[in-house]
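All residue numbers for the sequence shown refer to the UniProt record's numbering, where the first residue is 1 and numbers rise by one.
Glycine included, every Cβ here is placed at the ideal spot set by N, Cα and C.
Note that the structure is predicted; figures quoted are calculated from it, not measured.
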Amino acid sequence: IKYWGKRAGGEKLILPVNDSFSITLSTHPFRTKTSVVLRDDLEEDTLIINGEKSDVRSTPRIQSVLEYVRSTCPDELKNKRVYIVSENNFPTAAGMASSASGYCALAAALVRVFNSTANVSMLARMGSGSACRSTLGGFVIWHKGEKEDGSDCVATQFVDENYWPEMQVLCAVLQGEKKNTSSTAGMQQSLQTSPLMPKRIATTVSERMRTVSEAIKARDFYTFAQIAMS
Numbered sequence: 001i002k003y004w005g006k007r008a009g010g011e012k013l014i015l016p017v018n019d020s021f022s023i024t025l026s027t028h029p030f031r032t033k034t035s036v037v038l039r040d041d042l043e044e045d046t047l048i049i050n051g052e053k054s055d056v057r058s059t060p061r062i063q064s065v066l067e068y069v070r071s072t073c074p075d076e077l078k079n080k081r082v083y084i085v086s087e088n089n090f091p092t093a094a095g096m097a098s099s100a101s102g103y104c105a106l107a108a109a110l111v112r113v114f115n116s117t118a119n120v121s122m123l124a125r126m127g128s129g130s131a132c133r134s135t136l137g138g139f140v141i142w143h144k145g146e147k148e149d150g151s152d153c154v155a156t157q158f159v160d161e162n163y164w165p166e167m168q169v170l171c172a173v174l175q176g177e178k179k180n181t182s183s184t185a186g187m188q189q190s191l192q193t194s195p196l197m198p199k200r201i202a203t204t205v206s207e208r209m210r211t212v213s214e215a216i217k218a219r220d221f222y223t224f225a226q227i228a229m230s
């Protein structure tokens with residue numbers, strides 16, 4: 001059940017209008033590998049994605065993640081610069097959740113290297129909403145929460161990856177080009193123009209969350225597929 005749209009005032013922290021449900025893929029064969037090194041010899045934070053340097057200063061979400069992790073780390077590490085190297089072995093920005101995978105890996109690495117007290121799921125969410133679910137295996141729920149500071153907007157594991165061993169996910173990579181419309185732009189357009197969004201937010205999602213939860217618990221693939229494909 002897709003996360004689709006941010007609530008009013010939730011743009012910076014990425015606070016969604018609805019709960020969402022996902023299954024986390026195995027890191028075999030698809031994965032993101034991210035390395036973070038703290039450096040004293042750098043004038044600015046450095047980010048290398050798939051072999052190409054990206055400008056951290058022009059990437060607000062990277063900045064948000066770094067600002068938050070530095071606010072939750074020991075004082076002696078706050079002024080350290082980071083050298084980040086991240087790479088996917090699957091297409092980036094092509095609809096296969098590369099941002100979720102990337103920010104999940106980044107959040108986990110940053111929390112470790114900065115000895116941060118930050119919640120990994122919450123930190124990952126500040127980079128990419130769906131990334132908060134990727135911090136856990138199996139079937140995962142992202143709770144939209146109600147608080148303005150996003151402290152209750154985190155992911156929890158519904159059942160682990162061993163609960164339904166017969167469930168298999170097939171990923172067919174048909175093309176690797178960057179998609180024409182980003183998820184962020186698509187969400188914003190839907191919220192502004194779709195007459196179906198109010199009903200989806202008010203009743204449809206909660207009903208489907210309940211139904212799919214029961215289907216997963218019962219390992220009822222027929223009902224699960226009806227919800228997932230509708």
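As a quick exercise: from the options, pick the residue whose alpha carbon is nearest that of residue i.
i	options	result
Ile48	Arg61, Thr34, Ser20, Phe30	Thr34
Leu66	Arg112, Pro195, Gln192	Arg112
Glu11	Asp55, Gly137, Ser64, Arg70	Ser64
Val173	Ala202, Pro91, Thr211, Asn162	Pro91
Ser71	Thr32, Asn119, Pro198	Asn119
Gly127	Ala107, Lys144, Gly137	Ala107
Gly150	Pro29, Val85, Ala124	Ala124
Val69	Pro198, Leu42, Phe30, Leu38	Leu38
Asp40	Ala185, Lys78, Ala202, Ile227	Lys78
Gly9	Glu148, Tyr3, Asn18, Val85	Glu148
Ser213	Lys199, Phe30, Ser20	Ser20
Are the CB atoms of residue i and residue j nearer to each other than 7 Å?
i	j	result
Asn88	Ser99	no
Trp142	Ala155	yes
Phe139	Phe158	yes
Thr59	Tyr83	no
Val14	Met209	It should be noted that the sequence gives Ile, not Val, for residue 14. No.
Ile201	Thr211	no
Gly137	Glu161	yes
Give the straight-line distance between the Cα atoms of residue i and residue j, rounded to the nearest whole angstrom.
i	j	result
Ile216	Pro16	23 Å
Ser121	Tyr222	31 Å
Cys132	Cys104	7 Å
Gly102	Glu146	26 Å
Ser116	Glu76	12 Å
Glu207	Lys6	20 Å
Thr204	Glu44	46 Å
Thr24	Lys144	18 Å
Lys80	Cys153	29 Å
Ser182	Arg57	20 Å
Ser230	Ile62	34 Å
Gln18	Thr184	Note that residue 18 is Asn in the sequence shown here, rather than Gln. Those two C-alpha atoms are separated by around 15 Å.
Gln175	Pro74	44 Å
Asp220	Val36	42 Å
Pro198	Ser86	38 Å
Lys178	Ala218	38 Å
Here's the rule: buried if 16 or more other CB atoms are within 10 angstroms of the residue's CB, otherwise exposed. What is residue i?
i	result
Asn180	exposed
Thr135	buried
Ala225	exposed
Ala109	buried
Gly129	buried
Ser26	exposed
Ser22	buried
Of all the CB atoms in chain D, is at least one closer than 7 Å to the CB of residue i?
i	result
Asp149	Here there is only one protein chain, and chain D is not present.
Hey, would you say the C-beta of residue i is under 6 Å away from at least one heavy atom of the ligand FAD?
i	result
Ala202	By its list of ligands, the structure shown contains no ligand whatsoever, and the ligand FAD lies outside what it can speak to.
Are three or more beta carbon pairs between the segment 192-203 and the segment 162-174 nearer than 8 Å?
no
Three or more C-beta pairs under 8 Å: does that hold for the segment 42-60 against the segment 182-191?
no
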